Every structure is written in C-alpha cells, then in structure tokens.
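Structure first, then comments.
Chains as they are written, first to last, in this note's numbering: chain A, 595 to 826; chain B, 16 to 120.
Given below as structure tokens:
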C-alpha cells in the first residue's frame with residue numbers, strides 16, 4: 595500500500611510542472627464557452643465528459659461556425675488520432691491490468707500524463723504498481739482542468755470582448771507545436787495543413803476544412819516517411 | 016448545442032484513448048505507422064490555427080492590417096528559441112495587445 599501511494603505521489607509530482615500552461619488554457623476554454631453562450635453547465639459538462647482541451651475547442655469552434663454534427667464528430671476524432679499512438683506505446687506496460695483499470699486510465703490519459711508516465715514506465719520496469727503513476731499524473735491533469743474551466747466560466751462574464759482572447763486558441767495550439775518547429779518535415783506538414791485549411795475554409799463544404807486539411811497533411815507525412823526509408 | 020453531441024464527442028475521445036490499451040498487440044502498429052502517427056499533431060493543429068489568423072470576419076484572406084499575423088510570428092520566434100510553451104503564448108498575446116491597443120490606434 596505504501597508503495598502504491600509513493601508511486602501515485604510520484605506521478606502527481608512529475609506532472610505538476612506541465613500543469614502551468616494547462617491553467618490558462620482551461621481558463622480560456624471556459625471564457626470561450628461562456629462567450630458562445632452555451633452556458634456554465636455545458637461548458638463544464640464538456641470538460642468532464644470529453645476531458646480533452648483540443649477536442650473541446652474544436653467542437654466549440656465548429657459548432658459556432660454552424661457545422662453539422664457529423665463534421666464536428668469526425669473532426670473531434672481526427673484531433674484525437676494522436677491518442678491511438680499513446681495507447682499503443684503504453685499498452686506494453688498496461689496489458690496485465692484489469693479492464694476497470696484500463697477504462698479509468700484511458701479516461702485520464704492526456705498529452706501531459708502520457709509524457710511523464712511513459713518516461714517513468716521506461717525507467718522503472720520492475721515496479722508492479724507502476725500504473726499508479728499514470729493514475730496520479732492523469733487525475734492531477736483532470737483536477738486542474740476542471741478547476742481552471744470553472745475559473746474561466748466565472749471570468750467569462752467579466753472579461754471584455756475587446757481583449758481578443760479567442761486569438762489565444764491559435765496561440766495555444768501553436769505553442770503545443772514548438773517541438774516540431776525544428777524538424778524540417780514537420781514544418782512542411784504544418785504548412786500544408788494550415789494552407790489547405792485557410793484556402794478551404796470557404797470552399798470546402800460542411801466546414802469539413804479541418805478533416806480535409808489534416809488528411810492532405812497526413813498524406814504528405816506518409817510520402818515524406820516513405821521517401822525517407824527508401825534512402826536507407 | 017445538444018447534450019447528445021457532447022456525449023458522442025466524449026465517447027469518440029474515450030475510444031481513441033482506450034482502443035490501443037485494450038486491443039494490445041504490441042506489433043499492431045509497426046515503426047512506420049508510429050512514425051506517421053507522430054505527425055498527427057503537426058497535421059491537425061495548423062488547420063485549427065491558420066484560419067482564425069489569416070481570415071477576417073467575412074472569411075476573406077486579410078494579409079494587410081492584420082495584427083494576428085505579426086503576433087503569431089513573434090510567438091513562433093519565441094517558441095523556436097525558448098521551446099517554452101508559456102513564453103510562446105504570452106509573447107503572442109502581449110504583442111497582439113500592443114499592436115491593437117497602441118500601434119494601430
């Protein structure tokens with residue numbers, strides 16, 4: 595029991611520094627939810643039911659743009675595709691667990707929790723309670739996200755629109771890509787995605803520009819990956 | 016907005032997180048598939064970032080008199096040099112505020 599608590603605490607401590615940017619992101623999300631007029635319950639409901647910043651923002655953005663449910667949901671799916679990779683990487687360490695654990699850990703698996711717990715799993719393979727690390731890191735993210743959403747809901751009614759806080763959505767996603775700025779191939783993929791989305795914003799029907807842009811950019815990524823392995 | 020839309024979106028998010036942990040078969044994804052999946056954020060986030068920066072309220076491309084482009088460039092430079100998420104967001108927002116409240120006034 596003591597070991598479990600120790601591992602859990604380690605998860606909480608490890609993920610804490612990564613929570614600093616999550617707080618403004620959550621607040622901004624809450625403010626935007628209130629701005630769009632979906633009300634405090636739905637704004638918080640999204641944070642609890644979906645629990646994924648990027649998915650929630652995309653949902654709000656497309657909903658306010660008048661997209662159909664099908665387009666909204668497939669865009670949310672596209673945004674989440676990266677989690678498939680996280681799951682595949684973590685499954686190696688989590689395959690022995692009961693389904694209950696797998697469900698709980700899947701729900702709290704965010705970018706930040708994945709990053710720190712995967713590091714821990716790679717280092718400490720012998721610990722049979724290592725999943726408590728992901729529980730600690732994941733629920734820390736969860737708690738911080740809900741609190742900052744509520745802060746945003748409260749502030750949403752007092753923050754003046756002239757501040758242009760919606761621009762921070764673009765900035766937040768931009769900041770999540772900083773590790774890609776130094777990789778040439780990733781820059782190409784980013785430019786394809788951004789240009790297709792901007793040009794297609796008005797021309798692609800049903801507001802499907804995010805999906806179309808993402809697919810176009812992924813095709814370029816596949817081509818870049820294939821040409822890379824041929825050289826070897 | 017309907018709660019059902021939120022619940023479906025929540026289910027989709029959960030299923031993508033759950034799928035591989037549940038299915039596990041270590042070799043279900045080979046190295047090439049993993050490499051391609053690692054491009055997913057770079058393939059999707061710009062589609063969310065670009066349109067609100069480059070398009071005006073009417074949906075036409077606005078390259079002149081657009082403080083968002085300049086602010087985004089400052090943010091990119093800071094992000095590239097510092098690799099710091101918070102610094103990137105704050106420099107972007109502060110330069111945007113400077114541009115709209117001071118420079119363009």
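Cβ atoms here follow ideal geometry from the backbone N, Cα and C, with glycine treated the same way.
Computed from a predicted structure; not experimentally measured.
- At a cut-off of 9 Å between beta carbons, residue 95 of chain B contacts chain A.
- Residue 605 of chain A places its beta carbon less than 9 Å from that of residue 727 of chain A.
- Think of a sphere of 7 Å around the beta carbon of residue 769 of chain A: the chain B residues whose beta carbon falls inside it are 94, 100, 103 and 104, in chain order.
- Under the three-state reduction of DSSP output, residue 630 of chain A falls in the coil class, being neither helix nor strand.
- Residues of the region 643-658 of chain A with a C-beta less than 9 Å from any C-beta of chain B: 643, 644, 645, 646, 648, 649, 650, 651, 652, 653, 654, 655 and 657, listed in chain order.
- For residue 795 of chain A, the chain B residues whose C-beta falls within less than 8 Å of its own C-beta are 66, 70 and 74, listed in chain order.
- Under the DSSP definition of a beta bridge, residue 76 of chain B partners with B:70.
- Note that the C-beta distance between residue 652 of chain A and residue 670 of chain A is below 9 Å.
- For residue 780 of chain A, the neighbours in chain B by C-beta distance under 8 Å run, in chain order, 54 and 57.
- Within chain A, the residues 758 and 761 have their CB atoms less than 7 Å from the CB of residue 111 of chain B, given in chain order.
- The C-beta distance from residue 62 of chain B to residue 791 of chain A rounds to 4 Å, short enough to meet the 8 Å contact threshold.
- The three-state reading of DSSP puts residue 92 of chain B in helix, counting H, G and I together.
- Residue burial is scored here from C-beta neighbours: residue 633 of chain A has fewer than 16 other C-beta atoms within 10 angstroms and is therefore classed as exposed.
- Relative to residue 114 of chain B, the option among B:82, B:92 and B:77 whose CA is nearest is B:82.
- Setting aside the 5 residues that flank it on each side, residue 69 of chain B is surrounded in the same chain by 76, each with a C-beta closer than 6 Å to its C-beta; the list follows chain order.
- Against chain B, the beta carbon of residue 774 of chain A has neighbours under 8 Å at 56 and 57, listed in chain order.
- Residue 774 of chain A is classed as buried because its beta carbon has at least 16 other beta carbons within 10 Å across all chains shown.
- Residue state for residue 640 of chain A is assigned as helix, using DSSP reduced to three classes.
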